[in-house]
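Letter by letter, the sequence shown follows residues 1 to 375 in the UniProt record's numbering.
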Amino acid sequence: MAFLTSPLTIIQQTPPTTKIFTICTVVFSLGYMLGSFYSPPAGERSLMNWVGPEHFPYLIVIPGSVLWYPWALLTSMFVETHVIELVLSLLVVPPSLRYLERLWGSIETAKFIFVTVVASNVIAVGLSWIEYVVIGKPELFLFGMVYRGQSALQCGILVAFTQLIPEHQVQLFGVLKVRVKALPMAYVTYSNIMCIIGYQAPFILIQFGWLVSWVWLRFYKRTVLEGSLGGVTTHGDRSETFAFVNWFPPFAHKPVSILSTFVYTQAVRFKLVHPSGSSIPDGNDLELGNGGYAPLPGGARAEAERRRAMALKALDQRMAAASNSQPATQSPISSETPVIPKANHGHASSSSRKLSVTSIPADPKAHKSDESSAR
């Protein structure tokens, strides 16, 4: 009974957005696989029996037909064409979304999924059409490129984890330990390799998912400030540690800074993003300064900003410890203050002078002069 209760408990505790996402992934993927398995050959398809393993324009994104099936820009996310891909996606994506949904809420998580997937597919379709216009070959770029799966969302989740827990270590295959902040660019590098050897679809979605998710989290994601009166909200995470330039190695920071600052300036000019409040461009970021930062909700704040908060807390503790230690350090000195005897006033002056010299350190020359005068 415990074996049956445990999965039921997990399902009941799963937030709604993650639950709907998981159900859609299972249903759409299994439907695609069954349709591909029972479909007739391409030459024998008819109006009533027209599904095929390579053409599901109503579920997956095909650049040449997506205008007639615009909903495929979203539904393609739920389609995994192989059992291994489906299993891996179910093992990775739903638990990650469950974690994010508990921090962000159901609505913000749904927005993040929608924007990351749809925008990545739109960019991929636009790229395929540009390639067709420049090179030709519609059978390759318009009808041969099939975009589907959750690779864009997977990379977007890694970007979100980089914002939330960048210093957290994960263990891969039980051997390799990697920090979370290194995973997105490793995934993007894998995408570059696959695109170079000729597998543009669907692996290029990884790169678009990385870029789109970062832009959304950087400038647009709605955040309610904790402890604010009236529920004050801000948009985006303008912290320096989440800057665009930090995704790249140090030797590339200067050219990336120039390009990113130019892009950000133009985006502000056309009112695509809100300025951060400073009028001086910051070469290290896609923003004009570091103002306008919105702290992340939930108990697990961004690790970068957490380090800053921890540093401030440590500084406060040191100052408090210093203030507490001052009376303790002064008390021995005050206890060593000599008590001048009341009898024999003539000897009291000399003895008090000697005691004051020994109890409170003084300049050596002054010490010698006091001794000579005492003699």
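For each residue, glycine too, the CB sits at the ideal point set by N, CA and C.
With a cutoff of 9 Å on beta-carbon distance, V125 and L153 are scored as not near each other. Per DSSP, L272 is not a residue of any alpha helix (DSSP H), being assigned neither H nor E. About 4 Å separates the CB atoms of G236 and F219; that is less than 8 Å, so the two are in contact.
Note that the C-beta distance between L127 and F161 is not below 9 Å.
Boundaries for V212: no beta strand (DSSP E) harbours it, while the alpha helix (DSSP H) harbouring it runs 200-215, taken from the DSSP string.
The distance from the Cβ of T22 to that of P94 is about 5 Å, consistent with a contact at the 8 Å cut-off.
Around the Cβ of N192, a 10 Å sphere holds fewer than 16 other Cβ atoms; the residue is exposed. Taking all protein chains shown into account, Q163 has 16 or more neighbouring C-beta atoms within 10 Å of its C-beta and is therefore buried.
Under the three-state reduction of DSSP, H253 is assigned to helix. Residue state for K221 is assigned as coil, using DSSP reduced to three classes. When secondary structure is reduced to three states using DSSP, R179 falls in the strand class. Within the model, the alpha-carbon separation for A252 versus I258 is close to 10 Å. According to DSSP, T261 shares a beta bridge with no other residue.
Rounded to the nearest angstrom, the gap between the Cα atoms of V224 and L103 is 11 Å. Annotation for T233: the continuous beta strand (DSSP E) segment containing it runs 233-235. Three or more Cβ pairs closer than 8 Å define a contact, and the stretch 141-160 meets that threshold against the stretch 196-211. In the assembly as shown, W68 is an exposed residue. Its beta-carbon has fewer than 16 other beta-carbons within 10 Å. At least 9 Å separates the beta-carbon of E80 from that of G156.
Residue environment for N324: exposed (fewer than 16 other C-beta atoms within 10 angstroms of its C-beta). A residue is called buried once 16 or more other Cβ atoms fall within 10 Å of its Cβ, and M319, having fewer, is exposed. With respect to S29, F78 sits close: the two C-beta atoms are nearer than 9 Å. If you draw a straight line from the Cα of G174 to the Cα of P15, it is about 29 Å long. W247 is the residue among H168, W247, E240 whose C-alpha sits nearest the C-alpha of Y187. Counted as a single uninterrupted DSSP element, the beta strand (DSSP E) harbouring L172 occupies residues 169-172.
If you compare the alpha carbons of G136, W129, T241, I11 with that of I165, the shortest gap goes to T241. For V117, the enclosing alpha helix (DSSP H) covers residues 106-135. C-alpha of S120 to C-alpha of V212: approximately 7 Å in a straight line. The continuous alpha helix (DSSP H) containing P138 extends over residues 138-141.
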